[in-house]
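Each residue of the sequence shown is one higher than the one before, starting from 113 at the first, in our numbering. Every residue gets a Cβ at the ideal spot worked out from N, C-alpha and C, and that includes glycine.
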Amino acid sequence: MTVENIKKYIENYKKEGLKIFITSSFQTHSIPLLHIISEIDKHIPVMFINTGYLFPETLQFRDHVTELLDLNLVNVSPKVSKINQKDCNGNLLFASDPDHCCYLNKTQPLETVLADYDVWINGIRADQNENRKNMKIEEDGAFNCKRFHPILDWNNKMIFDYIKKYNLPKHPLEEKGYLSIGCEPCTQKIDLNNDRSGRWAGLNKTECGLHTDLINK
């Protein structure tokens with residue numbers, strides 16, 4: 113989808129009186145879409161799910177990009193404290209039950225947001241994994257909140273060409289070999305053949321739940 117078409121979609125949502133928000137993980141590949149949104153309407157809320165397990169560099173990068181693009185940042189936090197996120201043996205859930213950990217720290221916090229909005233803009237791409245390959249530009253989402261995937265058909269070259277064109281910053285951990293950056297306990301450096309190989313390494317897990325549980329199937 114071209115930048116012009118993204119603008120048309122968003123302007124149409126606004127004309128229909130729909131409440132719009134965008135989520136962002138503030139990784140390098142997040143920046144083009146944030147830049148596009150900032151050029152269309154700086155008032156659109158940018159929801160950032162702060163799990164409490166993120167790299168300090170991610171938080172610093174979030175603050176830098178927010179100031180640079182003058183974003184309407186809204187921090188979203190888990191409802192369950194970390195002291196209550198343990199299994200029966202006292203282990204934190206990221207070590208023993210990462211799916212439930214993701215639910216408590218990412219999916220559940222966003223559910224309340226979805227209930228208050230009509231359109232959720234997010235930056236998933238079809239080339240990231242098998243689950244996303246089968247998605248459409250628009251999908252029916254949870255809580256009657258439509259999902260809009262404006263860069264679904266973009267690829268790495270398009271992302272980095274856009275970043276170069278507008279001289280946008282890159283996540284500071286990228287130069288250290290981290291290209292898909294999530295929570296610190298579940299992120300490693302990547303296999304050069306797979307950007308997302310550094311997430312949940314050694315587990316049969318490729319999604320946190322935002323793009324599997326919060327979509328109508």
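Cα separation between residue i and residue j?
i           : j           : result
residue 280 : residue 185 : 18 Å
residue 391 : residue 160 : Summary: the structure shown does not reach residue 391, with the chain confined to residues 113 through 329, and so no result is reported for it.
residue 164 : residue 143 : 22 Å
residue 130 : residue 264 : 21 Å
residue 241 : residue 136 : 18 Å
residue 221 : residue 173 : 22 Å
residue 175 : residue 191 : 23 Å
residue 134 : residue 232 : 6 Å
residue 181 : residue 116 : 19 Å
residue 225 : residue 287 : 33 Å
residue 196 : residue 169 : 26 Å
residue 124 : residue 252 : 17 Å
residue 179 : residue 200 : 43 Å
Is it right to say residue i is buried, meaning 16 or more other beta carbons lie within 10 angstroms of its own, or is it exposed?
i           : result
residue 141 : buried
residue 202 : exposed
residue 262 : buried
residue 218 : buried
residue 306 : Because residue 306 sits at a pLDDT of 47, beneath the cut-off of 50, its placement in the model cannot be relied upon, and the following sentence gives the value as read from the coordinates. So residue 306 ends up on the exposed side.
residue 114 : exposed
residue 256 : exposed
Give the DSSP-derived three-state secondary structure of residue i in the structure shown.
i           : result
residue 134 : strand
residue 299 : strand
residue 185 : strand
residue 148 : helix
residue 216 : helix
residue 124 : helix
residue 167 : coil
residue 247 : coil
residue 143 : helix
residue 119 : helix
residue 195 : helix
Tell me where the beta strand (DSSP E) around residue i begins and ends.
i           : result
residue 233 : 231-233
residue 260 : 258-260
residue 161 : 157-161
What residue does the alpha helix (DSSP H) around residue i start on, and which one ends it?
i           : result
residue 272 : 268-277
residue 206 : 205-208
**Message:** Would you call the segment 182-198 in contact with the segment 289-302, where contact means no fewer than 3 C-beta pairs closer than 8 Å?
**Reply:** Flag = no, the segment 182-198 and the segment 289-302 do not touch.
**Contact between the segment 208-216 and the segment 144-156 (3+ Cβ pairs under 8 Å)** = no
**Asked** Between the segment 243-262 and the segment 272-279, do three or more beta carbon pairs fall short of 8 Å?
**Response** No, the segment 243-262 is not in contact with the segment 272-279.
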